[in-house]
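These notes concern the structure reproduced below.
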Amino acid sequence: MPSTVYFIDLRASYRENFVSKLGRLLEAAELQRVVKKRDLTAVKLHFGELGNTAFVRPVFLRKIVDCIKAAGGVPFLTDANTLYVGTRSDSPHHIATALRNGFAYPVVDAPIIIADGLRGKSETAVTINQKRFKKVYIGKEIVEANSLVSVAHFKGHELSGFGGAIKNTGMGCASRKGKLAQHSVVAPKVKAKKCVGCGDCIVRCSQKAIALVETKARISAKKCIGCGECILICPNQAIAIQWNETVPVFLEKMVEYTLGVLKGKENRAMFVNFITDVSPACDCPPFNDAPIVRNIGVVASTDPIAIDQASVDLVNQERALPDSCLKKNRLPGKDKFKAIYPDIDWPIQLDYGEKLGLGSRKYKLERI
Ligand code: SF4
Ligand code: SF4
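When the letters of the sequence shown are read in order and numbered with our numbering, they come out as residues 1063 to 1430.
In structure tokens form, the structure reads like this:
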């Protein structure tokens, strides 16, 4: 049976502004059935790396917080610390970054509680007994919460093709150990012919896993945590992943983590994807490239598979923006994410999620 995905476009008027419309979207998606009275509700979002501006605006989080409170819940904003060294790799830096990006208490009317503690080690092991993992490691505060509202910025992603509800939940809620377990297959290799020995990747690798050997970069598989930073950094595209072997495994691992996060929260989770500022890569780098398509709207659903399928479809129905990085698949109906990441078979995550019973790729789009 198809799942329902609720959708609002960005039209607004004196009669109803976009923030009010967002409230109506959550009402239609029946947030009040997900959040019960006195629930401690985790609102999982990405606060944006310092310098990135494509993350979901704080004023929209304020509305979501208001709606959770109206349903009787007690919301807190949360994310887990990052695997790589950046402006969100421990709680003090993470909270400082969130505040600098506008998520101050007076704005959002909810506290920020980092899900996996001071240094990313506060976690709960959740037993799932699946193909890739028997146990997954989730930020403790998210496991402790009664209900979950995932608020994702829908965009491209260098390891999963796109990032939406599954990425925000499966990877985003994992503790450092959990993130490492998912990335462990992603050890990139240097194409010696393309490497000019500039050293940019060496400077940016947080794990000191790259060294110059006879003027060519070489990655130590022992030290590498598979964060993927060097792939983005290299100006000559000399660093790449063994896509055929690694991407399917990585995607399945991420989906199993999503299953772990949602365990015990059956019927207690809602997913909201903002299909706005659809940048080609994730919000983790300290910048974001121009959007690939126009701003489309916001979707909400209790089905993480259906909402991501609907979000991909809505993006792919669009014509590419003239000044974006997209060189191929620019016409409506063409796969924009495949054009940016030709080696990533993004449907794997949706198929596997369906197989694990997380939701359905079939959906009905209900326009509000
Ligand atoms: S950034 Fe690229 S070209 Fe420069 S040393 Fe690293 S792999 Fe070689
Ligand atoms: S070698 Fe690349 S993928 Fe590995 S830890 Fe360093 S930056 Fe991350």
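Ideal placement from N, C-alpha and C gives every residue a C-beta, glycine not left out. None of these values were measured; they are calculated from a predicted model.
Check: Expressed to the nearest angstrom, what Euclidean distance is found between the alpha-carbon atoms of residue 1331 and residue 1097?; Outcome: 8 Å
Check: For residue 1114, count the other beta carbons within 10 Å of its own beta carbon; 16 or more makes it buried, fewer makes it exposed. Which is it?; Outcome: buried
Check: Where does residue 1131 sit, in a helix, a strand or coil, going by DSSP?; Outcome: helix
Check: In its own chain, which residues sit with a C-beta less than 6 Å from the C-beta of residue 1402, not counting the 5 before and 5 after it?; Outcome: 1218 and 1342
Check: Give me every residue whose Cβ sits closer than 6 Å to any heavy atom of ligand 2, in chain order.; Outcome: 1250, 1267, 1269, 1271, 1272, 1281, 1286, 1287, 1288, 1289, 1290, 1291 and 1292
Check: Looking at residue 1258 and ligand 4, is the gap between the Cβ and the nearest heavy atom below 7 Å?; Outcome: By its list of ligands, the structure shown excludes ligand 4, since it contains just ligand 1 and ligand 2.
Check: Would you decide whether residue 1074 is buried or exposed? Buried here means 16 or more other CB atoms lie within 10 Å of its CB.; Outcome: exposed
Check: Using a Cβ-Cβ cutoff of less than 7 Å, which residues in the same chain neighbour residue 1295 once the five nearest sequence positions on both sides are dropped?; Outcome: 1262, 1263 and 1266
Check: Have a look at residue 1181 and residue 1345 and give me their C-alpha separation to the nearest angstrom.; Outcome: 21 Å
Check: Which same chain residues, not among the five before or five after residue 1280, have their C-beta less than 8 Å away from its C-beta?; Outcome: 1252, 1272, 1273 and 1274
Check: How about residue 1317 and residue 1242: are their beta carbons less than 8 Å apart?; Outcome: no
Check: Indicate whether at least one CB of chain B lies closer than 8 Å to the CB of residue 1194.; Outcome: The structure shown has no chain B; it contains just one protein chain.
Check: Assuming residue 1351 and residue 1292 form a contact by the criterion Cβ under 8 Å, report the distance between their Cβ atoms to the nearest whole angstrom.; Outcome: 18 Å between Cβ atoms; not a contact.
Check: Please list the segments of the beta strand (DSSP E) lying wholly inside the segment 1066 to 1121, counting only runs of 3 or more residues, in order along the chain.; Outcome: 1102 to 1106
Check: What is the DSSP secondary structure of residue 1233, reduced to helix, strand or coil?; Outcome: helix
Check: Is residue 1354 near ligand 1 - that is, is its Cβ less than 7 Å away from at least one heavy atom of it?; Outcome: no
Check: Would you kindly check if the distance between the Cβ of residue 1163 and the Cβ of residue 1224 is under 8 Å?; Outcome: no
Check: Excluding sequence positions up to five away, which residues of its chain have a Cβ less than 8 Å from the Cβ of residue 1355?; Outcome: 1340, 1377, 1380, 1381, 1382, 1383, 1386 and 1398
Check: Any heavy atom of ligand 1 closer than 7 Å to the Cβ of residue 1301?; Outcome: yes
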